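Worksheet: the structure to be examined is printed underneath.
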Amino acid sequence: MSSILIIYTGGTIGMVKDPKSGSLKPLTFENLYRYLPVLENFHYDISFHTIDPLLDSSNMHPSFWVKLATVIEEKYDHYDGFVVLHGSDTMAYTASALSFMLENLGKPVIFTGSQLPIGLVRTDARENFINAIEIAAAMQDGRPVVPEVAICFDDKLFRGNRTSKLNAENFGAFYSGNYPLLAEVGVHIRYNHAHILKPGKGKLTVHKCLDDSIAILKLFPGIHENVLRSLFSTPGLRAVIMETFGAGNAPTAAWFLESLRSAIDSGIVILNVTQCAGGAVEMGKYETSVELGRIGVIGGSDITTESAVTKLMYLLGCGFTAAETTKLLQTSLRGEMTV
Ligand code: ASP
């Protein structure tokens, strides 16, 4: 009998309408559980842990990721798998962060949430929750089928660090443009074994130093020099994720390239990721990205912005040198990018 720990962090899945204000507020786990008596029919040993305070995931913060990773670390030997109930808004960031923080993971950490609160008749919470438990508990030859950080939503299982929330309304809220589904849920749960990570070989190592001295720069036609100047002069800034056009393209104006060059010269890491939901950065493919490579902008291949943010926080927190960080940003550490 698989043993599963459900970690409740907040999000719509456990919310109800406040009769006075009409806005959504979180339920305690006991109340949430009341809506799912069917869980008692599972042949798994299920336990619960609530992280205090419950969050709307828009209030998510790296310090909370450390709390969550610590719960998994402390309970790791006692459970076969973990289900994390989390708001969908920043779920892709938390799942990406956990994938980097949990080195040598050998057990499933399955995130789920919902678009409608569990108390509503038409909710998607029930299916998502039940599927996530089934997947976290799935074993083959005595080993977990999905020993990685994944997101289970709308009958699909995605690699956590390959996923973005792309729809604020549909039950199918998540998308993974550059990596196949890890599983599809129908009458059977069909696992895509060839694309699921192998369990880590060593002992689980939990990295808890995250450095958030980073920023995202989303390019748009007409972006002003002053915007770049003020961003790059942010005190303590160590890295910038630059969301470029298409296959990693950017303006070729002298002032633009000069701003990037002087930021890089001052030690700021600039990682080039695409604004597109699918496809990869290929610096040098077009004239508009040749110079970026020359001045030392790092190509992020097909990494998502969510994954880039958390990978940088992890690498900077680990204290790697600039040269090591540059190399690791171009290396797939947890299956987060195609190299
Ligand atoms: N605002 C909610 C959250 O992310 C939305 C959701 O759970 O889907 O916490």
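Numbered by my numbering, the letters in the sequence shown go through residues 161 to 499 in order.
Glycine included, every Cβ here is placed at the ideal spot set by N, Cα and C.
Here the structure is a predicted model, which means the values were calculated and not measured.
- With contacts defined by Cβ atoms closer than 9 Å, P304 and P340 do not form a contacting pair.
- Using a cutoff of 8 Å, the CB of D216 counts as near the ligand ASP, since one of the ligand's heavy atoms is closer than that.
- DSSP, read as helix, strand or coil, puts E442 in coil.
- Judged by beta-carbon spacing, A410 lies beyond the 9 Å limit of L431, meaning their Cβ atoms are not closer than that value.
- In this structure, H209 lies near I166, with their beta-carbon atoms less than 9 Å apart.
- For G477, the enclosing alpha helix (DSSP H) has its first and last residue at T465 to C478.
- For F318, the enclosing beta strand (DSSP E) stretches over residues K316 to R319.
- Secondary structure of P304 (DSSP, three-state): strand.
- As DSSP reads the structure, P186 sits in a beta bridge with M175.
- In the DSSP assignment, A399 falls within the beta strand (DSSP E) that extends over A399 to T404.
- Annotated three-state conformation of I376 is strand, per DSSP.
- In the DSSP annotation of this structure, N338 is not part of any alpha helix (DSSP H), being labelled neither H nor E.
- Secondary structure of A410 (DSSP, three-state): coil.
- DSSP places P222 inside the alpha helix (DSSP H), whose first and last residues are P222 to K235.
- One Cα belongs to G337, the other to S393, and the distance between them is close to 34 Å.
- For L245, the pairing in a beta bridge is given by DSSP as Y168 and T272.
- Approximately 14 Å separates the beta-carbon atoms of L317 and G495; this is outside 8 Å, ruling out the contact.
- The beta carbon of G174 sits closer than 6 Å to the beta carbons of P186, L187 and L192 from its chain, once the five residues preceding and following it are set aside; these are given in chain order.
- Contact between the region 388–405 and the region 430–448 is present: three or more C-beta pairs spanning the two stretches fall below 8 Å.
- Straight-line measurement puts the Cα of A483 at about 20 Å from the Cα of H367.
- Taking a 10 Å sphere around the C-beta of R319, we find 16 or more other C-beta atoms and assign the residue as buried.
- Each of A375, G406, T250 and L276 was checked against the Cα of P395, and the nearest Cα belongs to A375.
- DSSP, reduced to helix, strand and coil, places K325 within a strand of the structure shown.
- With 16 or more neighbouring CB atoms inside 10 Å of its own CB, W225 falls in the buried class.
- For N432, there is no enclosing alpha helix (DSSP H); the enclosing beta strand (DSSP E) covers residues V429 to T434.
- DSSP, reduced to helix, strand and coil, places L262 within a strand of the structure shown.
- E233 places its beta carbon 9 Å or farther from that of L388.
- Beyond the five residues adjoining it in sequence on each side, S259 comes within less than 6 Å, by CB distance, of V309, G320, N321 and R494 in the same chain, given in chain order.
- Nearest to G171 by alpha-carbon distance, out of H348, L370 and L214, is L214.
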